[in-house]
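**Q** So my numbering is basically just the index in the sequence shown, starting at one, shifted up by 13.
Glycine residues also receive a C-beta, built at the ideal position from the N, C-alpha and C atoms.
This one's a predicted model, so the numbers in the text were calculated from it and none came from an experiment.
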Amino acid sequence: MAQGVREDSPVPYPSRAHLIEPMARSARLVLAALAAAPLASVGLRVQEVGKCEEDEVAFAKMTTVTCMLNWVLKGDKRVLSLHETQHQGCWDQLEYNTDKFLSSALYQNSQDGRCALIFSGYHGALAGYSRGVGALVWPPETWDVCGGDMYAPYVRLLRHHTSLGNWSTLMNLLAGPESPCRGELAFAAESMGGTAGEMLTACANNGSLHELMDASTPHFNLQTLYTFGSPAGTVRPLVNNLREDGCFKGKRIYQSKDVIAHFGALYGMQHPRMDSVEIWTGSAGQRPAVQLAHCDSEETVKDGDHAKPPAVATNLQWRQHLDLFNHEVTTYSDLIKWMQDAGKGEIFEEEPVARDSTALSYLALLQQGTA
Numbered sequence: 014m015a016q017g018v019r020e021d022s023p024v025p026y027p028s029r030a031h032l033i034e035p036m037a038r039s040a041r042l043v044l045a046a047l048a049a050a051p052l053a054s055v056g057l058r059v060q061e062v063g064k065c066e067e068d069e070v071a072f073a074k075m076t077t078v079t080c081m082l083n084w085v086l087k088g089d090k091r092v093l094s095l096h097e098t099q100h101q102g103c104w105d106q107l108e109y110n111t112d113k114f115l116s117s118a119l120y121q122n123s124q125d126g127r128c129a130l131i132f133s134g135y136h137g138a139l140a141g142y143s144r145g146v147g148a149l150v151w152p153p154e155t156w157d158v159c160g161g162d163m164y165a166p167y168v169r170l171l172r173h174h175t176s177l178g179n180w181s182t183l184m185n186l187l188a189g190p191e192s193p194c195r196g197e198l199a200f201a202a203e204s205m206g207g208t209a210g211e212m213l214t215a216c217a218n219n220g221s222l223h224e225l226m227d228a229s230t231p232h233f234n235l236q237t238l239y240t241f242g243s244p245a246g247t248v249r250p251l252v253n254n255l256r257e258d259g260c261f262k263g264k265r266i267y268q269s270k271d272v273i274a275h276f277g278a279l280y281g282m283q284h285p286r287m288d289s290v291e292i293w294t295g296s297a298g299q300r301p302a303v304q305l306a307h308c309d310s311e312e313t314v315k316d317g318d319h320a321k322p323p324a325v326a327t328n329l330q331w332r333q334h335l336d337l338f339n340h341e342v343t344t345y346s347d348l349i350k351w352m353q354d355a356g357k358g359e360i361f362e363e364e365p366v367a368r369d370s371t372a373l374s375y376l377a378l379l380q381q382g383t384a
């Protein structure tokens, strides 16, 4: 365990033990899909170096190349070149931290100096099939971390990643005294990496980073959060202590049929207090539909079946993807770009839509220990 990280405080769920085998079966299906994801994602549309796209598009693409990082480092010619991972539009990679479980990278916008911390999803193909199943479902308990009950498998993944040798280098670039980063810091990730990042963001913003990593790590705050297809990971919704309304800036983006994005519903977990964007896709020729849920709504923190809204009114056609689990980050990247081109880009803007948020009263109750 890293210095400064406290012992785990398990909160077991004995009454939910009967869910472990169904969860494991779901996890096996998920890992089978994820194993092929990096090579299935080769069709990424590479950004012109130096040209800035909308943040949400750039974040999705930086997440994509971070997911592919280990294959690139291995020299696999079927994926991107090293240069393409280091330069995405006007964002340049400053540093990375990786092993066979998870990758992270720090990017800086060459035009305004902002920095973004990017996490991949869990590397199921690299870590191994059986181990990947265990990473999703074991131990079947929550731990008291940073003042919240967090799902233990994701905390384990995050703590392991922050114990790697290059994490301290990346963190010093992000928040050390010589950091080149300017303005607000952002975070983006997909799948389990997004859930781990939500936990990291909540801990950073309430001054509890020492519970996840070495106490000597420079302190930082993360203001903007974008996740793609990430499952819920806490008993109660995480809130942002840095905003009066308790909401995180950014968007949680997920497809209606993404099996991993809804995985947390199997064990009663909830999503953070932030706007969520749900996207419905159909077969080739059918236009996607999209719907926004406000930060303070029940729809944004709980998984469930929602009524599909009308398709986006546009002449643009949607190209069907071979994405059996509706989870590949390249699908998210293409969907966001399609929505931008169809004139729906404002739905992804970072500012929370709800201005008078009930999350404020929830945050007050949480701070009083009565929520």
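If you follow the beta strand (DSSP E) that Gly210 is part of, which residue opens it and which one closes it?
**A** That residue, Gly210, is in no beta strand (DSSP E); its alpha helix (DSSP H) goes 204-218.
**Q** Can we say the segment 230-248 touches the segment 191-208, given the rule of at least three CB pairs closer than 8 Å?
**A** Verdict: yes, contact present.
**Q** Taking only runs that begin and end inside the segment 89-165, name each unbroken alpha helix (DSSP H) of 4 or more residues, in chain order.
**A** List check, alpha helix (DSSP H) in window: 95-99, 137-140, 142-150.
**Q** Closer than 7 Å by C-beta to Lys357: which residues in its own chain qualify, once you throw out the five before and the five after it? Chain order, please.
**A** Excluding sequence neighbours, Lys357 sits near Val303, Val325.
**Q** Which stretch, first to last residue, makes up the beta strand (DSSP E) that contains Arg304?
**A** Residue identity differs from the one stated: residue 304 is Gln in this sequence, not Arg. Run containing Gln304: 302-306, per the beta strand (DSSP E) assignment.
**Q** Of the residues Pro365, Gln353, Tyr345, which one's Cα is nearest the Cα of His307?
**A** Per the Cα distances, Pro365.
**Q** With contact counted as at least three CB pairs below 8 Å, one residue from each stretch, are the segment 174-189 and the segment 94-101 in contact?
**A** The segment 174-189 is not in contact with the segment 94-101.
**Q** Out of Leu255, Thr247, Met287, which one is the CA nearest neighbour of Gly263?
**A** Looking at the Cα atoms, Met287 is the closest of the given residues.
**Q** Since Ala118 and Thr79 should fall inside the 8 Å C-beta cutoff, what is the C-beta to C-beta distance between them, to a whole number of angstroms?
**A** The Cβ separation is near 5 Å, so the contact holds.
**Q** Please determine if the segment 105-124 and the segment 219-232 are in contact, where contact requires at least 3 C-beta pairs separated by less than 8 Å.
**A** Contact fails: fewer than three Cβ-Cβ distances are below 8 Å.
**Q** Rounding to the nearest angstrom, what Cα-Cα distance links Ile292 and Glu224 in this structure?
**A** Going by the C-alpha atoms only, they are around 35 Å apart.
**Q** Going by DSSP in three states, Gly277 sits in which element: helix, strand or coil?
**A** DSSP places Gly277 in helix when its eight states are reduced to three.
**Q** Return the Cβ separation of Tyr193 and Gln124 in integer angstroms, given the expectation that the two are a contact with Cβ distance under 8 Å.
**A** A small fix is needed here, since residue 193 is Pro in this sequence, not Tyr. Actually they are not in contact, since the Cβ atoms of Pro193 and Gln124 sit about 13 Å apart, beyond 8 Å.
**Q** How about Phe361 and Glu69: are their beta carbons less than 8 Å apart?
**A** It is a contact, given that the beta carbons lie within the stated cut-off.
**Q** May I have the straight-line CA-CA distance separating Thr344 from Val168, to the nearest angstrom?
**A** Rounded to whole angstroms, Thr344 to Val168 spans 27 Å at the Cα level.
**Q** Around the C-beta of Leu52, are 16 or more other C-beta atoms found within 10 angstroms, so that it is buried, or is it exposed?
**A** Confidence in Leu52 is poor, its pLDDT being 47 and thus under 50, which makes the residue's placement too unreliable to answer from.
**Q** Please determine, among Arg195, Asp316, Met184, Gln330, the residue with the shortest C-alpha to C-alpha distance to Val272.
**A** When only C-alpha atoms are compared, the closest one is Asp316.
**Q** Take the Cβ of Glu363 as the centre, count every other Cβ of all protein chains shown within 10 Å, and call the residue buried at 16 or more, exposed below.
**A** With 16 or more other Cβ atoms within 10 Å, it is buried.
**Q** Report all residues from its chain with a CB closer than 6 Å to the CB of Phe276; omit the five preceding and five following residues, and keep chain order.
**A** If we look at Phe276 and ignore the five residues flanking it on each side, its Cβ neighbours are Pro244.
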